[in-house]
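Protein chains in written order, with our numbering: chain A, 1 to 349; chain B, 1 to 349.
From the three backbone atoms N, C-alpha and C, an ideal C-beta is built for every residue, glycine too.
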DNA sequence: CGCCTGTATGTGAACGCTAACAATCGAGTG
DNA sequence: CACTCGATTGTTAGCGTTCACATACAGGCG
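Set out below in structure tokens:
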């Protein structure tokens, strides 16, 4: 007994629609794909049949013959952090409006093996491109080696020599923050850096160094954390013993929050005794005690821009000349310094 | 000129593997699907050919014939918040170990239309089940109406009457927090609730009411926010004018953070003058000024549990008897009260 | 030695769609 | 009025798997 296509609960196929509309399945296909040369009356009849049967095209069949999955993959290392989560959101939005589905894969560890697993996983799903939210230098390098199999972009940080991507100008943002602190009268600025192997962390540290160097200021040893409040707190415990530290630039807001905590514990006031500046502008930044001066980056925008880049690469016919397509290798978004109450003149000035 | 299958860059198909191994395509299929009745030597030859050609099965073709996509969908409303992001992560992990891919769709607005769009989008992708991270009552209701088309679960909050799901026991968690504050000697406890149409918000508010009622305490008007620090701050502005408010239970940590800010601004000390308790235990909670007493929920675990539930529903053969399968309708995880420095005895005791 | 059984392998036909080509129809043209 | 042309529709052949069935091959038995 053959299944009754039109019965409730059983998915109708194109032939059913064709039969109901009194046309061939090919005409149905034409209507569904907006092909020309279909008489309006016919089109209308087909569409009516589609509605009547609640017909939905079979994705697998279409994919098999067109060889396109209309799916993009996203690989992220720690998608629970604020930045990555926000970027993922931006990516999903942009993918939807570009007509793509989004499939995710997370990186278990930040090693080459995990990278390979994640990429293979997405390839098994026939994704047409991959966006990477994980900018450890190592990871990016690993991804770069898998290139050629499928287009890739990085989101959140860029390493244009290896992969195209979208990111804020971390160097410029860090420089602006440090310059601002120096302008307030601080002798120098201390730095709590991110993990040494992250591109963002490196760029922000470089910006900090640059800004100090440009004014021939002493460059204190930089401490480094893992982006977490805890690591910021631990850095703060050391910084609060150093009386020369009157201004601290942290590589992200969460660490800045930990630093604030460390100073608060022993009654050192911010900004009267010490100034603290963060990076990211998380939504909480304005409501900390005190509200945090920070460098804002628009994560959602980064996600969207990165995805646009990816779509461009996916849809551009000739992938041979990788590296030569200037103008589509990087989207750099400008960061913005947001002044709040955690920064001020150094004590005694 | 036919494409050279074995050339680099062109995907080999099963027939190529078969030819190279000197067997039929069917034998290759058997090896790849771990079917019995293949001689070890043959199997070995096939696997060697697979490696040699870097063969990967065509997902579309397999999907077409097996009618299984091995893909699950996740719909979330605001995946940039800490909780949802974390749950998504847990879901992805669990899906991977259960052998499923994960495809995401975000809800543009929290209305029925958006819900329908998101569900249709995932259905077009032929997902076998959907996990929903968005527990506005309205949304859940909308989802429930689409049931029957594809199995669904909610993650983060549960409304077992409508859909199966995994969540913490918000009621119990809230009760514990309030009881703890009363035990410290506070006359009553004020509440900053979440948005009125969220299941979590309702449950936590109910728990707060219960705990006060059980000891016959006055139930102050509750304020409500939108989960954000800003809304917590605004609630704090009002609460700080009310001298009877010596203890405040907030429906999440972000709002608690805003409340702390509001009191801090006018020099009201926490916990000496007022106690504040949150919900969630975000990673920053321990590093606020003061460290926040809160109710911890393990979001990652919720994601995993929710996904297990979904997989069960997907793989259980008979979906007819919905509602009758007791024991697989809800996974309730116990929350944990975490004591930190933001709570203490009321002033004068 | 013929027959039966089980293991190992091959063959053909779906799955539901799109691409390429064929067929049909009406109107305009010399 | 036969002839061409473009618009419209239909027919056929895959896409790369898995499923159902057919076949071949060995060993055990009477």
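Once you ignore the five residues that flank residue i on each side, which residues in its own chain have a CB closer than 8 angstroms to its CB?
i: residue 295 of chain A; result: 173, 174, 176, 177, 277, 278, 279, 280, 281, 335, 336, 337, 338
i: residue 431 of chain B; result: Lying outside 1 to 349, the shown extent of chain B, residue 431 of chain B is not represented and no answer is given.
i: residue 300 of chain B; result: 86, 87, 89, 90, 93
i: residue 195 of chain A; result: 136, 201, 224, 225, 226, 227
Note down, in chain order, each residue of its chain lying with its Cβ closer than 7 angstroms to the Cβ of residue i, except the 5 sequence neighbours on either side.
i: residue 14 of chain A; result: 25, 28, 29
i: residue 92 of chain A; result: 102
i: residue 36 of chain A; result: none
i: residue 341 of chain B; result: 271, 290, 291
i: residue 326 of chain B; result: Bear in mind that the predicted position of residue 326 of chain B carries a pLDDT of just 48, short of 50, making it unreliable; the figure below should be weighed with that in mind. No residues qualify anywhere along the chain.
i: residue 149 of chain B; result: 123
i: residue 314 of chain B; result: 128, 129, 151
i: residue 31 of chain B; result: 38, 43, 46, 47
i: residue 322 of chain B; result: Since pLDDT at residue 322 of chain B reaches only 48, below the 50 mark, its modelled position is unreliable, and the value read off the structure follows with that caveat. Here the set comprises nothing.
i: residue 266 of chain B; result: 240
i: residue 180 of chain B; result: 337
i: residue 162 of chain B; result: 140, 141, 144
i: residue 257 of chain A; result: 229, 232, 288
i: residue 197 of chain B; result: 136, 137, 138
According to DSSP, residue i sits in a beta bridge with which residue or residues?
i: residue 336 of chain A; result: A:296
i: residue 222 of chain A; result: According to DSSP, which records beta bridges pairwise, residue 222 of chain A is partnered with nothing at all.
i: residue 331 of chain B; result: B:166
i: residue 72 of chain B; result: B:102, B:129
Of the residues the options, which one's Cα is nearest the Cα of residue i?
i: residue 347 of chain B; options: B:186, B:58, B:179, B:263; result: B:186
i: residue 183 of chain B; options: B:22, B:16, B:343, B:11; result: B:343
i: residue 245 of chain B; options: B:236, B:253, B:309; result: B:236
i: residue 159 of chain B; options: B:149, B:170, B:150; result: B:170
i: residue 231 of chain A; options: A:250, A:213, A:299, A:105; result: A:250
i: residue 219 of chain B; options: B:132, B:247, B:190; result: B:190
i: residue 157 of chain B; options: B:151, B:258, B:181, B:131; result: B:131
i: residue 128 of chain B; options: B:10, B:285, B:73; result: B:73
i: residue 283 of chain B; options: B:52, B:51, B:60, B:83; result: B:83
i: residue 108 of chain A; options: A:58, A:181, A:163, A:78; result: A:78
i: residue 263 of chain B; options: A:253, A:252, A:288, A:110; result: A:288
i: residue 95 of chain B; options: A:105, A:34, A:229; result: A:105
i: residue 419 of chain B; options: B:213, B:17, B:111, B:331; result: Nothing about residue 419 of chain B can be read from this structure; chain B reaches only from 1 to 349.
i: residue 306 of chain A; options: A:71, A:66, A:166; result: A:166
i: residue 66 of chain B; options: A:71, A:58, A:67; result: A:58
i: residue 222 of chain A; options: A:17, A:204, A:126; result: A:204
i: residue 41 of chain A; options: A:21, A:216, A:212, A:309; result: A:21
Suppose the cutoff is 6 angstroms on Cβ atoms and the five residues either side in sequence are ignored; what does the same chain contact list for residue i look like?
i: residue 113 of chain A; result: none
i: residue 63 of chain A; result: 69
i: residue 273 of chain A; result: 347
i: residue 133 of chain A; result: 76, 84, 87, 155, 156
i: residue 329 of chain B; result: 160, 164
i: residue 207 of chain B; result: 171, 174, 175
i: residue 119 of chain A; result: 146
| field | Length at least 3, wholly inside the stretch 238-306 of chain B: the beta strand (DSSP E) runs in chain order | value | With a minimum length of 3 residues, the continuous beta strand (DSSP E) runs that stay inside the stretch 238-306 of chain B are 247-250, 275-280, 293-296.
| What residues from the stretch 113-135 of chain A come within 8 angstroms of chain B, judged by C-beta to C-beta, listed N to C? | Within the stretch 113-135 of chain A, the residues whose Cβ lies closer than 8 angstroms to some Cβ of chain B are 121, 123, 124, 125, 126, listed in chain order.
| request: Jot down the residue ranges of each uninterrupted alpha helix (DSSP H) in the stretch 138-197 of chain B, minimum 4 residues, whole runs only, in chain order. | output: Listed in chain order, the complete alpha helix (DSSP H) runs (minimum 4 residues) inside the stretch 138-197 of chain B are 170-183.
| task | Kindly provide the ranges of any alpha helix (DSSP H) runs that are 4 or more residues long and lie completely inside the stretch 4-33 of chain A, ordered along the chain. | result | 14-21, 25-32, all fully within the stretch 4-33 of chain A.
| Contact residues within the stretch 248-265 of chain B, judged by C-beta distance below 8 angstroms to chain A | Near chain A, meaning a CB-to-CB distance below 8 angstroms, the residues of the stretch 248-265 of chain B are 254, 257, 258, 260, 261, 264.
| Which residues, in order along the stretch 95-109 of chain A, keep a beta-carbon less than 8 angstroms from a beta-carbon of chain B? | From the stretch 95-109 of chain A, only 96, 101, 102, 103, 104, 105, 106 have a Cβ closer than 8 angstroms to chain B.
| query | Going along the stretch 211-238 of chain B in order, which residues come within less than 8 angstroms of chain A, judged by CB to CB distance? | reply | Answer in chain order: 228, 229, 230, 232, 233.
| query | Of the residues that make up the stretch 269-290 of chain A, which ones have a beta carbon closer than 8 angstroms to any beta carbon in chain B? | reply | Taking 8 angstroms as the cut-off between beta carbons, the residues of the stretch 269-290 of chain A near chain B are 283, 284, 286, 287, 288, 289, in sequence order.
| What residues in the stretch 28-62 of chain B have a beta carbon less than 9 angstroms from any beta carbon of chain A? | Against chain A - using a Cβ distance shorter than 9 angstroms - the residues of the stretch 28-62 of chain B are 56, 57, 58, 59, 60, 61, 62.
| task | Below 7 angstroms between beta carbons is the criterion; list the residues of the stretch 170-185 of chain B that meet it against any residue of chain A, in chain order. | result | Answer in chain order: no residues at all.
| query | Considering only residues of the stretch 75-125 of chain B, which uninterrupted beta strand (DSSP E) runs meet the minimum length of 3 residues and lie entirely inside it, listed in chain order? | reply | Listed in chain order, they are 101-106.
| task | Could you run through the stretch 301-313 of chain A and flag, in chain order, every residue whose CB is less than 7 angstroms away from some CB of chain B? | result | Within the stretch 301-313 of chain A, no residue qualifies.
| Contact set between the stretch 328-348 of chain A and chain B, restricted to residues whose Cβ is under 8 angstroms from the partner | Going along the stretch 328-348 of chain A in chain order, one finds no residue with a Cβ nearer than 8 angstroms to chain B.
| Residues in the stretch 190-209 of chain A having any Cβ partner in chain B nearer than 9 angstroms | None of the residues of the stretch 190-209 of chain A has a beta carbon lying less than 9 angstroms from any beta carbon of chain B.
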